[in-house]
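Chains as they are written, first to last, in our numbering: chain L, 137 to 829; chain H, 3 to 320. For each residue, glycine too, the CB sits at the ideal point set by N, CA and C.
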Amino acid sequence: MKAESQKSLSRFTDQTLARHAALPVRAHPSQRGLWCCGIALFLALAAPLARAHVVPPEQFHPVVEGYRRLTFLLNLNPVLWDEVKADADRVATGLEMISKQRADAYRAAISNAIAKPTAPVKDGEEAPGPEMRREAARALFEVSTRALAELLAVELERLKASTNDRNVAGQHLDLSRKLWAGFEHEVKATDQPMFKEIGLCWLKMATALGSAPLLGQGEASVDAKTLQEEADEILAYVKECYAAFHAPASRALAPVPLASKTFDPRAAIPAKLPPGSNINKQRPRPRQILNLVARGVDETETPLVAFGDMTFDSSLIFGEPARSLGLSCNNCHNKSITNPQFKIPGLTRHAGGLDVSSTFFAPHANNGVFDPLDTPDLRGIRFTAPYGRNGRFASLRDFIRNVIVNEFNGPEPDPIVVDAMLAYMMEFDFLPNPMLNKDGTLNTQAPEAARRGEKLFNKPFAQMNGMSCATCHVPSSHFVDHQRHDIGSVQGAEDDSQDRALDTPTLLSAKFTQPYFHDGSLATLQGVVLWFDKNYNLKLGKNQVADLTAYLEAVGDGKEAYEEDPDVAAPAEVEEQNFFMASWEFIRDKGKFDLADLLFRTVAQELRNEKWGLRYPEATEVVEQLAQLSDAAIAANKAGQVDVVNAKVAEYRQLYAENKALIDGASAPGPKPTVQVSPQDQLRLVDYLLGGK
Amino acid sequence: MRPTVFLSIFVMASTLASPLGAAEGAKLQSKPPERPMDAKAAPLNIAFVSYANPQQVARDSESVMKYLQKYLGVPVKGFVTLDYGSSIETMRNGKTDLAFVDPLAFMMAHEQIGARPLLLEIYSSGKPAYHSCIWVRKDSSLKELADLRGKSIAFADQVDMSGHLMPRHVFVSAGLLSAKRIEGEFFKQVYFAGGDEQAMRAMFNGFTDAAGVSQYAINLLRGEERDQVKALATSIESPSHLLMARSGLADEQVSRIKQVLLALDKTDPADKAILDKLYGVQGYAEASLTNFQEIARVAASYGFVKKPELFSAHSSKP
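Structural data, given as structure tokens:
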């Protein structure tokens with residue numbers, strides 16, 4: 137105890153902190169500095185305390201992270217073999233815990249599997265077909281699944297062999313549980329009896345590990361017999377289901393426990409994103425400017441726009457898997473603005489982009505090419521036709537339909553849905569920019585460097601066929617020319633193919649829409665300037681690069697790009713549902729009761745997502761009541777009881793109006809208010825108060 | 003006993019009467035005059051505990067130490083420990099003057115090395131107190147504690163105030179369990195899951211019928227999962243985590259430390275910045291031994307506290 141306390145007493149240095157990492161795992165909870173098996177997961181789960189609508193990424197052991205991500209990647213077409221290989225290497229690193237030979241054998245198997253589909257195609261030979269890709273993916277998945285199972289089995293055996301030492305046994309138990317997480321999602325979905333049985337095994341083992349004393353009190357001894365018995369039960373299951381795992385060709389690649397006697401072959405496996413994904417909306421929220429609101433109009437009086445706003449926020453207009461994952465337009469185009477954090481491994485090359493023609497979201501519309509696009513900012517979209525990075529849609533209406541049906545697998549949308557989304561999106565405005573004159577030129581509020589850069593921007597370059605930057609990015613026309621150009625940023629299908637043209641993007645608000653270019657390959661505006669300098673041999677001096685960058689930053693600037701206080705997000709999102717509810721009468725009078733169902737379901741879902749982010753528990757309760765009124769409206773609507781729906785909507789509006797101040801956090805509940813706590817404050821407590829277990 | 007989740011504003015913290023009300027917790031004091039630094043004075047050593055993110059706590063503590071230094075006039079040095087046991091041991095060895103601990107660690111430290119309670123932390127409920135809950139799934143048929151007869155429960159850890167002793171005491175108070183632990187009594191099976199999160203997950207996934215853990219453990223579930231569980235019962239309240247001092251620390255210095263920390267005002271931006279970094283607490287309330295009177299009896303029934311009378315009204319010292 138004494139020696140350990142000396143270890144734990146640390147100066148604030150990385151060195152001593154690193155030393156803490158060597159402390160025993162299964163010490164008493166008040167002593168076990170590294171009973172950290174749950175810490176990362178805990179942090180992941182605890183983060184929603186502050187903002188429940190922000191789902192923290194799941195945290196896995198690196199081996200499991202690699203295994204789960206490569207499984208996701210192997211189901212895609214095309215398979216990103218380099219990324220698969222990197223993830224397989226994580227699994228291999230884990231196998232080194234068994235032996236270097238075992239890890240090397242696995243690496244060799246991976247290389248062998250990848251070699252065939254990635255071999256260069258010789259002249260006169262045909263490129264490898266889909267079957268070769270599928271075979272390689274299956275082989276790689278099987279060998280990785282067996283490797284994970286082997287690792288888990290070895291850890292459980294080590295646990296069994298170390299029951300005379302609580303700390304060592306605790307470390308093996310900790311790692312075993314983490315490795316089990318590689319299979320848990322599929323076992324839970326398809327083999328509930330064994331999911332519970334194995335869950336109980338872990339519980340019994342944790343109990344059997346006993347407890348270390350606190351200041352000499354409360355020690356509970358290790359129950360070696362139970363530890364061994366329960367480890368054996370898990371071992372038997374793992375060996376039965378995964379040791380000689382073969383993936384059937386008829387299913388997607390997933391570690392389903394096919395050999396289990398209680399496996400349910402009809403059970404659906406819920407969609408799950410790979411580790412490393414982040415589809416959360418931005419916090420603080422970007423500032424959205426709706427033109428009609430800027431003109432003083434109340435959105436509750438513009439039902440078509442309100443309904444469009446709702447559909448923009450609704451995952452229910454999409455099909456699976458976007459629907460189950462809660463993905464809506466608003467996740468990528470957060471409040472109409474590019475979400476630079478959005479990322480899904482295998483579908484994203486640079487954060488802030490997505491391959492919208494992928495196997496995952498809409499297999500029927502997969503184009504077979506990994507071609508993620510940087511998510512465009514939708515501000516001022518009514519001024520920036522045509523649509524799509526390559527300008528393939530002249531009509532925004534067509535573009536919207538395509539996103540719903542062919543990018544995210546949704547059902548054919550009702551014309552009202554598309555009308556409404558169009559009406560809503562037509563209200564998106566650019567950020568006001570006091571440095572710009574009405575003709576798009578800079579005024580004296582712009583920095584001197586930017587004004588020097590403006591001259592360069594307008595200067596024709598012989599290297600650009602006598603054109604200037606402003607030729608395409610026309611300042612007097614929102615910095616677009618509504619044309620498509622091949623500037624050399626796209627790799628064509630062939631050397632002489634004519635498939636490289638892209639729509640000219642606006643530069644307005646661009647300061648907040650990084651990364652840049654259609655594929656998000658350039659992280660900064662300076663990078664954009666340097667790209668043109670290099671590729672067009674402009675011979676810009678250092679100062680000219682700086683001036684041109686300053687110009688782009690000035691043009692792309694805007695007032696109050698983000699809401700200052702992240703705490704306003706949840707109340708504002710709840711308020712939005714009130715706007716959405718304003719569209720009920722419009723939908724009712726059109727006789728579109730299926731759309732009413734969409735409305736009420738979306739409202740209930742959004743309210744339940746947001747209610748945990750409010751400041752007062754009383755406000756959370758009120759918002760749950762609002763959600764329940766939406767539930768009641770869904771039921772009444774389904775039963776065709778329009779009068780009841782009317783009554784529930786009226787109740788909703790009244791309840792919201794009566795409690796708006798409470799929901800906003802502006803007014804405390806009751807005569808003796810609870811302490812107002814910001815979400816940030818709550819997060820700070822996580823490390824302090826919960827990390828120990 | 004271990005750091006407990008004090009994160010939520012969402013749980014029913016306001017629904018229970020507390021022996022430590024908001025009014026008691028909200029006594030702001032004025033700041034004393036600053037003192038010039040006496041570099042030769044013995045430093046004040048503070049143990050900050052952190053399980054999950056020691057580097058962050060180390061960084062955060064710097065502003066707190068500067069603040070204390072400014073008003074105390076002596077060098078203030080900080081350490082991060084990864085557990086309360088270590089904090090107490092360093093205090094026993096005279097290397098730590100102040101330490102942030104939980105109630106069980108404090109009571110044992112008081113008994114064993116005479117540690118003094120200084121200040122209780124105030125959390126989102128506005129009270130320097132918290133409780134534990136018996137959590138069950140809403141879709142279960144369980145309506146009251148007695149329905150758990152012959153069922154299973156998961157606690158966090160055997161040596162855990164809010165994750166075992168307090169929720170277990172709920173059953174003792176209801177006459178369903180004996181004060182002394184008897185194997186096989188009432189429950190069909192009792193598990194110690196290894197943490198609040200594991201215990202809550204065990205209940206949520208249906209591995210066990212109930213979980214007996216901190217009131218704040220519900221926040222370890224995702225939003226949509228929280229809607230699927232409910233608290234069947236709540237425990238007595240425990241004083242919150244606290245700042246304790248070693249027994250030999252001079253009275254003048256102790257009262258000065260209290261005054262300086264009690265003066266932190268969450269509505270003042272500069273003070274808020276400091277409180278935010280002091281684990282995000284809302285403020286402090288003066289602590290006394292009698293705050294621990296009730297939970298000392300609970301801890302004593304399990305052998306962690308040997309002399310619960312040390313915490314009773316007639317024997318307690320300031």
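Considering only heavy atoms of the ligand FMN, does any lie closer than 7 Å to the CB of residue i?
i, result
"residue 622 of chain L", "No copy of the ligand FMN appears in this structure; indeed no ligand is present at all."
How is residue i classed by DSSP in three states: helix, strand or coil?
i, result
"residue 108 of chain H", "helix"
"residue 2 of chain H", "Residue 2 of chain H lies beyond the residue range present for chain H, which begins at 3 and ends at 320; the question has no answer from this structure."
"residue 489 of chain L", "strand"
"residue 327 of chain L", "coil"
"residue 37 of chain H", "coil"
"residue 119 of chain H", "strand"
"residue 654 of chain L", "coil"
"residue 469 of chain L", "strand"
"residue 356 of chain L", "strand"
"residue 144 of chain H", "coil"
"residue 387 of chain L", "coil"
"residue 621 of chain L", "strand"
"residue 144 of chain L", "Residue placement at residue 144 of chain L cannot be trusted, given a pLDDT of 29 that sits under 50; the coordinates are not used to answer."
"residue 592 of chain L", "helix"
"residue 722 of chain L", "helix"
"residue 378 of chain L", "helix"
"residue 807 of chain L", "For residue 807 of chain L, the predicted model reports a pLDDT of 47, less than 50, meaning its position is unreliable; a value from the coordinates is still stated below. Residue 807 of chain L falls in the coil class under three-state DSSP."
"residue 765 of chain L", "helix"
Within 10 angstroms of the Cβ of residue i, are there 16 or more other Cβ atoms? Answer buried if so, exposed if not.
i, result
"residue 203 of chain H", "buried"
"residue 467 of chain L", "buried"
"residue 692 of chain L", "buried"
"residue 129 of chain H", "buried"
"residue 686 of chain L", "buried"
"residue 340 of chain L", "buried"
"residue 361 of chain L", "exposed"
"residue 580 of chain L", "exposed"
"residue 387 of chain L", "exposed"
"residue 633 of chain L", "exposed"
The alpha helix (DSSP H) that contains residue i, what's its start and end?
i, result
"residue 286 of chain H", "Here residue 286 of chain H belongs to no alpha helix (DSSP H); instead the beta strand (DSSP E) covers 285–288."
"residue 65 of chain H", "56–74"
"residue 448 of chain L", "439–449"
"residue 314 of chain H", "Counting along the chain, residue 314 of chain H falls outside any alpha helix (DSSP H), and DSSP gives it neither H nor E."
"residue 667 of chain L", "661–671"
Following the continuous beta strand (DSSP E) through residue i, name the residue where it begins and the one where it ends.
i, result
"residue 191 of chain H", "191–194"
"residue 139 of chain H", "134–139"
"residue 212 of chain H", "212–216"
"residue 83 of chain H", "78–83"
"residue 246 of chain H", "244–247"
"residue 216 of chain L", "Here residue 216 of chain L belongs to no beta strand (DSSP E), and DSSP marks it neither H nor E."
"residue 234 of chain L", "No beta strand (DSSP E) contains residue 234 of chain L, which DSSP labels as neither H nor E."
"residue 235 of chain H", "231–236"
"residue 100 of chain H", "100–103"
"residue 347 of chain L", "Premise fails: residue 347 of chain L is in no beta strand (DSSP E) and is neither H nor E."
"residue 154 of chain H", "154–157"
For a contact meaning CB atoms closer than 9 Å, what does residue i contact in chain H?
i, result
"residue 745 of chain L", "225, 226"
I want to verify the contact list: residues of chain L whose CB lies under 7 Å from the CB of residue i, in sequence order.
i, result
"residue 195 of chain H", "339, 342"
"residue 2 of chain H", "Chain H is shown from 3 up to 320; residue 2 of chain H falls before or after that span and cannot be answered."
"residue 229 of chain H", "744"
"residue 186 of chain H", "Within 7 Å Cβ-Cβ: nothing; residue 186 of chain H doesn't reach chain L, min ~14 Å."
Kindly list, in the order they appear in chain H, the residues whose Cβ is closer than 8 Å to that of residue i.
i, result
"residue 842 of chain L", "Nothing about residue 842 of chain L can be reported from this structure: the residues present for chain L run from 137 to 829 only."
Note down, in chain order, every chain H residue with its Cβ under 7 Å from the Cβ of residue i.
i, result
"residue 307 of chain L", "Result: empty, since nearest Cβ-Cβ is about 13 Å, beyond 7 Å."
"residue 356 of chain L", "160"
"residue 336 of chain L", "209"
Quick one: list the residues of chain L neighbouring residue i, beta-carbon separation under 9 Å, in chain order.
i, result
"residue 114 of chain H", "351, 352"
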